[in-house]
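Participant: When the letters of the sequence shown are read in order and numbered with the working numbering, they come out as residues 0 to 264. Got a structure here, written out as C-alpha coordinates. Questions coming.
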Amino acid sequence: MKIWRLGHAMYVLKSKSGKNYLIDPFFDLNPGFAKELDDESFYKSIDVVFLTHGHLDHSSGLSKLIQYKPDIMIVAQYDLAMILLQKGMKNVFPINFGGSASLDDVHVTMVQALHTSSYGETEGLPVYAGEAAGYIFDFKDDYTVYHSGDTGLMLDMKLIQDFYQPDIAILSSAGQLTMGPKEAAYAVQHLLDVKYVIPSHNFPTEKTATNLDSHTQLTKSFPIVGYMMSTGKELVELLKDYSKTEVIELSFGEEREFTKESVVE
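Set out below in C-alpha coordinates:
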(Lines of atoms letter the chains of each structure in order from A and count residues from 1; the text may use other names and numbers.)
(Lines give C-alpha, C1' and ligand atoms only; values in the text may rest on other atoms or scores of the structure.)
Protein backbone atom coordinates (compact mmCIF):
# COMPACT_ATOMS: atom_id res chain seq x y z
CA MET A 1 0.00 0.00 0.00
CA LYS A 2 1.00 3.62 -0.47
CA ILE A 3 0.41 6.75 1.61
CA TRP A 4 0.32 10.08 -0.22
CA ARG A 5 0.38 13.24 1.87
CA LEU A 6 -1.51 16.21 0.42
CA GLY A 7 -1.91 18.54 3.39
CA HIS A 8 -1.63 18.95 7.12
CA ALA A 9 -4.28 16.25 7.61
CA MET A 10 -5.29 15.16 4.09
CA TYR A 11 -3.94 11.84 2.86
CA VAL A 12 -4.69 9.40 0.08
CA LEU A 13 -4.28 5.73 1.00
CA LYS A 14 -3.60 3.71 -2.14
CA SER A 15 -4.33 0.00 -1.99
CA LYS A 16 -2.44 -2.70 -3.84
CA SER A 17 -5.46 -3.20 -6.10
CA GLY A 18 -5.37 0.46 -7.16
CA LYS A 19 -8.12 2.01 -5.06
CA ASN A 20 -7.68 5.58 -3.78
CA TYR A 21 -9.13 6.39 -0.35
CA LEU A 22 -8.97 10.08 0.56
CA ILE A 23 -9.10 11.27 4.17
CA ASP A 24 -10.30 14.80 5.05
CA PRO A 25 -10.65 16.73 1.77
CA PHE A 26 -9.26 20.27 1.99
CA PHE A 27 -8.24 21.86 -1.32
CA ASP A 28 -8.76 25.64 -1.32
CA LEU A 29 -6.35 27.41 1.06
CA ASN A 30 -4.37 24.18 1.49
CA PRO A 31 -0.64 25.02 1.26
CA GLY A 32 0.19 21.32 0.93
CA PHE A 33 -2.05 20.73 -2.10
CA ALA A 34 -0.18 21.57 -5.30
CA LYS A 35 -1.95 23.66 -7.95
CA GLU A 36 -1.34 21.07 -10.66
CA LEU A 37 -3.49 18.56 -8.77
CA ASP A 38 -6.49 20.89 -8.84
CA ASP A 39 -8.03 19.32 -11.93
CA GLU A 40 -10.67 16.86 -13.05
CA SER A 41 -8.33 13.88 -13.33
CA PHE A 42 -7.31 14.06 -9.67
CA TYR A 43 -10.82 14.45 -8.30
CA LYS A 44 -12.15 11.63 -10.47
CA SER A 45 -9.34 9.34 -9.29
CA ILE A 46 -10.70 9.26 -5.72
CA ASP A 47 -12.85 6.20 -4.99
CA VAL A 48 -14.08 6.88 -1.44
CA VAL A 49 -13.70 9.86 0.91
CA PHE A 50 -13.55 9.63 4.71
CA LEU A 51 -14.24 12.52 7.08
CA THR A 52 -12.82 12.54 10.60
CA HIS A 53 -14.96 15.56 11.53
CA GLY A 54 -16.69 18.60 10.10
CA HIS A 55 -14.20 21.46 10.53
CA LEU A 56 -13.55 23.30 7.27
CA ASP A 57 -9.94 22.15 6.93
CA HIS A 58 -11.20 18.57 6.96
CA SER A 59 -14.39 18.71 4.92
CA SER A 60 -14.55 21.82 2.71
CA GLY A 61 -13.21 19.92 -0.30
CA LEU A 62 -16.35 17.82 -0.60
CA SER A 63 -17.89 20.30 -3.03
CA LYS A 64 -15.11 19.82 -5.56
CA LEU A 65 -15.17 16.05 -5.28
CA ILE A 66 -18.94 16.02 -5.80
CA GLN A 67 -18.63 18.40 -8.74
CA TYR A 68 -16.65 15.78 -10.65
CA LYS A 69 -18.04 12.62 -9.02
CA PRO A 70 -21.60 13.32 -7.84
CA ASP A 71 -22.05 9.77 -6.53
CA ILE A 72 -18.73 9.47 -4.69
CA MET A 73 -19.09 7.56 -1.43
CA ILE A 74 -18.65 9.75 1.66
CA VAL A 75 -18.05 8.02 5.00
CA ALA A 76 -18.72 10.15 8.08
CA GLN A 77 -19.79 9.99 11.72
CA TYR A 78 -23.57 9.76 11.99
CA ASP A 79 -24.38 13.33 13.06
CA LEU A 80 -22.15 14.85 10.38
CA ALA A 81 -23.51 12.41 7.80
CA MET A 82 -27.06 13.61 8.52
CA ILE A 83 -26.00 17.22 7.88
CA LEU A 84 -24.44 16.23 4.54
CA LEU A 85 -27.56 14.34 3.50
CA GLN A 86 -29.72 17.34 4.34
CA LYS A 87 -27.48 19.43 2.10
CA GLY A 88 -28.27 17.14 -0.81
CA MET A 89 -25.16 14.99 -0.93
CA LYS A 90 -26.18 11.63 -2.36
CA ASN A 91 -23.93 8.73 -1.43
CA VAL A 92 -23.30 9.36 2.26
CA PHE A 93 -22.50 6.31 4.40
CA PRO A 94 -23.02 7.04 8.12
CA ILE A 95 -21.20 5.01 10.75
CA ASN A 96 -20.45 5.58 14.41
CA PHE A 97 -17.82 4.47 16.92
CA GLY A 98 -17.15 0.78 16.51
CA GLY A 99 -19.08 0.71 13.24
CA SER A 100 -17.45 -0.42 10.03
CA ALA A 101 -17.56 -0.16 6.25
CA SER A 102 -16.37 -3.14 4.20
CA LEU A 103 -15.08 -1.99 0.83
CA ASP A 104 -13.39 -3.80 -2.05
CA ASP A 105 -10.03 -4.36 -0.41
CA VAL A 106 -10.19 -2.71 3.01
CA HIS A 107 -12.29 -3.00 6.15
CA VAL A 108 -12.63 0.41 7.81
CA THR A 109 -13.72 0.95 11.42
CA MET A 110 -14.48 4.25 13.13
CA VAL A 111 -12.69 4.76 16.45
CA GLN A 112 -12.66 7.45 19.11
CA ALA A 113 -10.80 10.75 18.92
CA LEU A 114 -10.58 13.51 21.53
CA HIS A 115 -11.60 16.62 19.62
CA THR A 116 -14.62 18.75 18.73
CA SER A 117 -16.65 18.82 15.52
CA SER A 118 -18.76 21.50 13.88
CA TYR A 119 -19.75 22.27 10.31
CA GLY A 120 -20.24 25.39 8.23
CA GLU A 121 -17.76 27.86 9.74
CA THR A 122 -17.75 29.82 6.47
CA GLU A 123 -21.55 29.78 6.08
CA GLY A 124 -22.45 31.70 9.23
CA LEU A 125 -22.79 30.26 12.71
CA PRO A 126 -21.30 26.74 12.67
CA VAL A 127 -23.56 23.88 13.70
CA TYR A 128 -22.81 20.95 16.00
CA ALA A 129 -21.64 17.99 13.93
CA GLY A 130 -21.38 15.13 16.39
CA GLU A 131 -17.98 13.98 17.61
CA ALA A 132 -14.63 13.79 15.91
CA ALA A 133 -13.32 10.36 15.00
CA GLY A 134 -10.34 8.36 13.85
CA TYR A 135 -10.27 5.35 11.53
CA ILE A 136 -8.71 1.92 11.31
CA PHE A 137 -7.97 0.84 7.73
CA ASP A 138 -7.42 -2.92 7.67
CA PHE A 139 -6.16 -3.59 4.14
CA LYS A 140 -6.55 -7.06 2.70
CA ASP A 141 -3.23 -8.96 2.81
CA ASP A 142 -1.42 -5.76 3.77
CA TYR A 143 -0.76 -3.36 6.62
CA THR A 144 -3.37 -1.98 9.01
CA VAL A 145 -3.33 1.82 9.32
CA TYR A 146 -4.59 3.88 12.26
CA HIS A 147 -5.47 7.46 11.29
CA SER A 148 -5.99 9.26 14.60
CA GLY A 149 -7.89 12.20 13.17
CA ASP A 150 -7.52 15.40 15.17
CA THR A 151 -7.09 14.24 18.74
CA GLY A 152 -5.65 14.92 22.13
CA LEU A 153 -3.84 12.29 24.14
CA MET A 154 -6.26 9.60 25.31
CA LEU A 155 -6.10 6.20 26.96
CA ASP A 156 -8.39 4.83 24.22
CA MET A 157 -5.29 4.57 22.03
CA LYS A 158 -4.17 1.60 24.13
CA LEU A 159 -7.45 -0.21 23.47
CA ILE A 160 -7.29 0.69 19.78
CA GLN A 161 -3.80 -0.83 19.57
CA ASP A 162 -4.68 -3.96 21.56
CA PHE A 163 -7.82 -4.76 19.59
CA TYR A 164 -7.13 -3.59 16.03
CA GLN A 165 -3.33 -4.04 16.08
CA PRO A 166 -2.38 -1.33 13.58
CA ASP A 167 1.09 -1.41 12.05
CA ILE A 168 1.17 2.24 10.96
CA ALA A 169 -0.17 5.30 12.79
CA ILE A 170 -0.86 8.65 11.14
CA LEU A 171 -0.82 10.60 14.37
CA SER A 172 -1.75 14.18 15.22
CA SER A 173 1.25 15.87 16.80
CA ALA A 174 1.16 19.57 15.91
CA GLY A 175 -0.10 21.13 19.15
CA GLN A 176 -2.53 24.07 19.50
CA LEU A 177 -5.58 22.32 18.02
CA THR A 178 -4.47 18.72 18.63
CA MET A 179 -1.98 17.06 20.94
CA GLY A 180 1.62 18.16 20.48
CA PRO A 181 4.88 16.30 19.89
CA LYS A 182 5.42 15.41 23.57
CA GLU A 183 1.97 13.88 23.88
CA ALA A 184 2.39 12.06 20.58
CA ALA A 185 5.75 10.66 21.71
CA TYR A 186 4.11 9.40 24.90
CA ALA A 187 1.36 7.76 22.86
CA VAL A 188 3.92 5.98 20.67
CA GLN A 189 5.99 4.77 23.62
CA HIS A 190 3.25 3.85 26.09
CA LEU A 191 -0.08 3.39 24.29
CA LEU A 192 0.66 2.26 20.75
CA ASP A 193 2.87 -0.50 19.37
CA VAL A 194 3.23 0.40 15.71
CA LYS A 195 6.08 -0.19 13.31
CA TYR A 196 5.82 3.26 11.72
CA VAL A 197 4.38 6.57 12.89
CA ILE A 198 3.72 9.51 10.57
CA PRO A 199 3.46 12.95 12.27
CA SER A 200 0.28 14.75 11.19
CA HIS A 201 -1.60 18.06 11.41
CA ASN A 202 1.58 20.10 11.06
CA PHE A 203 1.49 22.77 8.34
CA PRO A 204 4.23 23.55 5.82
CA THR A 205 6.49 26.55 6.11
CA GLU A 206 6.77 28.99 3.23
CA LYS A 207 9.79 26.98 2.07
CA THR A 208 8.10 23.56 2.19
CA ALA A 209 4.65 24.58 0.91
CA THR A 210 3.62 23.13 -2.45
CA ASN A 211 1.12 25.96 -2.97
CA LEU A 212 2.61 29.30 -1.98
CA ASP A 213 -0.51 31.34 -2.73
CA SER A 214 -2.58 29.17 -0.40
CA HIS A 215 0.14 29.41 2.24
CA THR A 216 0.01 33.20 2.13
CA GLN A 217 -3.79 33.32 2.27
CA LEU A 218 -4.11 30.71 5.02
CA THR A 219 -1.51 32.20 7.35
CA LYS A 220 -3.09 35.64 6.91
CA SER A 221 -6.61 34.37 7.61
CA PHE A 222 -5.64 31.94 10.38
CA PRO A 223 -2.44 33.15 12.11
CA ILE A 224 -2.61 30.20 14.53
CA VAL A 225 -1.31 28.05 11.67
CA GLY A 226 2.11 29.58 12.30
CA TYR A 227 2.33 27.74 15.62
CA MET A 228 1.86 24.36 13.93
CA MET A 229 4.75 24.37 11.47
CA SER A 230 7.74 22.01 11.60
CA THR A 231 6.39 20.12 14.62
CA GLY A 232 6.94 16.83 12.80
CA LYS A 233 10.67 17.30 13.27
CA GLU A 234 10.11 17.63 17.02
CA LEU A 235 8.50 14.20 17.12
CA VAL A 236 11.39 12.77 15.12
CA GLU A 237 13.81 14.18 17.70
CA LEU A 238 11.80 12.97 20.69
CA LEU A 239 11.71 9.40 19.36
CA LYS A 240 15.19 9.22 17.84
CA ASP A 241 16.34 6.70 20.47
CA TYR A 242 13.13 4.67 20.48
CA SER A 243 13.95 1.64 18.36
CA LYS A 244 10.52 -0.04 18.34
CA THR A 245 8.91 2.56 16.09
CA GLU A 246 10.30 4.44 13.10
CA VAL A 247 9.13 8.03 12.65
CA ILE A 248 8.54 8.83 8.98
CA GLU A 249 8.01 12.52 8.35
CA LEU A 250 6.28 12.73 4.99
CA SER A 251 6.85 15.98 3.14
CA PHE A 252 3.91 17.66 1.44
CA GLY A 253 3.14 15.96 -1.85
CA GLU A 254 5.29 12.97 -0.94
CA GLU A 255 4.09 9.43 -1.56
CA ARG A 256 5.63 6.36 0.06
CA GLU A 257 5.04 2.70 -0.43
CA PHE A 258 4.86 0.45 2.61
CA THR A 259 5.39 -3.28 2.29
CA LYS A 260 5.57 -6.00 4.90
CA GLU A 261 9.32 -6.10 4.41
CA SER A 262 10.21 -2.43 4.06
CA VAL A 263 9.17 1.12 3.31
CA VAL A 264 9.95 2.33 -0.21
CA GLU A 265 10.25 5.96 -1.26
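Note that beta-carbon positions come from the ideal geometry of N, C-alpha and C, so glycine has one too. In this text, all values refer to a predicted model and were calculated from it rather than measured experimentally.
Flag this pair as yes or no: are the beta carbons of Ile-247 and Ile-169 separated by less than 7 angstroms?
Facilitator: no
Participant: Can you give me the C-alpha to C-alpha distance between Leu-79 and Asp-212, rounded to a whole angstrom?
Facilitator: 30 angstroms
Participant: Report the three-state DSSP secondary structure of Asp-149 (helix, strand or coil).
Facilitator: coil
Participant: Look at the alpha carbon of Ser-14 and the alpha carbon of Ile-73, and state the distance between them as a whole number of angstroms.
Facilitator: When rounded, the distance between both Cα atoms is 18 angstroms.
Participant: Would Lys-139 count as contacting chain B if we go by Cβ distances under 7 angstroms?
Facilitator: This model lacks chain B altogether; it includes just one protein chain.
Participant: Rounded to a whole number of angstroms, what is the C-alpha to C-alpha distance between Leu-61 and Phe-49?
Facilitator: 10 angstroms
Participant: Answer yes if the segment 181-194 comes into contact with the segment 17-25, meaning at least three C-beta pairs across the two stretches below 8 angstroms, and no otherwise.
Facilitator: no
Participant: I'd like to check one pair, Gly-151 with Gly-133: are the Cβ atoms closer than 7 angstroms?
Facilitator: Cβ distance not < 7 angstroms, so Gly-133 and Gly-151 don't count as in contact.
Participant: Can you look up Gln-188 in the DSSP assignment and give me helix, strand or coil?
Facilitator: helix
Participant: Please give me, in chain order, every unbroken run of the beta strand (DSSP E) with length at least 3 that falls completely inside the segment 193-230.
Facilitator: 195-199
Participant: Quick check: the Cα distance between Lys-243 and Pro-203, rounded to an integer number of angstroms?
Facilitator: 27 angstroms
Participant: Closest to Phe-162 by CA distance: which of Asn-210, Val-193, Ala-173 is it?
Facilitator: Val-193
Participant: Cutting at 7 angstroms between CB atoms, please list the residues of its own chain near Val-91, excluding the five before and the five after it.
Facilitator: Ile-73, Ala-75, Ala-80, Leu-83, Leu-84
Participant: Taking the alpha helix (DSSP H) that Ser-265 falls in, what are its first and last residues?
Facilitator: Residue 265 is absent from the model: the chain starts at 0 and stops at 264.
Participant: Decide if Ile-2 is buried, meaning its Cβ has at least 16 other Cβ atoms within 10 Å, or exposed.
Facilitator: buried
Participant: Contact between the segment 31-46 and the segment 121-136 is defined here as three or more beta-carbon pairs at a separation below 8 angstroms; is this criterion met?
Facilitator: no
Participant: Measure the beta-carbon distance from Ala-8 to Thr-209 and round it to whole angstroms, keeping in mind my assumption that it falls under 8 angstroms.
Facilitator: Not a contact, Cβ separation roughly 15 angstroms.
Participant: What did DSSP end up calling Glu-248 once you bin it into helix, strand or coil?
Facilitator: In the structure shown, Glu-248 sits in coil (DSSP, three-state: anything other than H, G, I, E or B).
Participant: For the alpha helix (DSSP H) that contains Ala-80, what are its first and last residues?
Facilitator: Per DSSP, Ala-80 belongs to the alpha helix (DSSP H) from 77-85.
Participant: Looking only at its chain, what residues have a beta carbon closer than 6 angstroms to the beta carbon of Ser-6, apart from the 5 residues adjacent to it on each side?
Facilitator: Rather than Ser, the amino acid found at residue 6 in this sequence is Gly. Phe-25, Asn-29, Gly-31, Phe-32.
Participant: Please state the DSSP three-state secondary structure of Leu-234.
Facilitator: helix
Participant: In this structure, how does DSSP classify His-106 when only helix, strand and coil are distinguished?
Facilitator: strand
Participant: Are the Cβ atoms of Met-0 and Phe-138 separated by less than 7 angstroms?
Facilitator: yes
Participant: Which residue wins for smallest C-alpha separation from Glu-182, given the options Leu-113, Asp-141, Lys-206?
Facilitator: Leu-113
Participant: How is the alpha helix (DSSP H) around Leu-5 delimited, first residue to last?
Facilitator: Looking at the DSSP string, Leu-5 is not in any alpha helix (DSSP H), and its letter there is neither H nor E.
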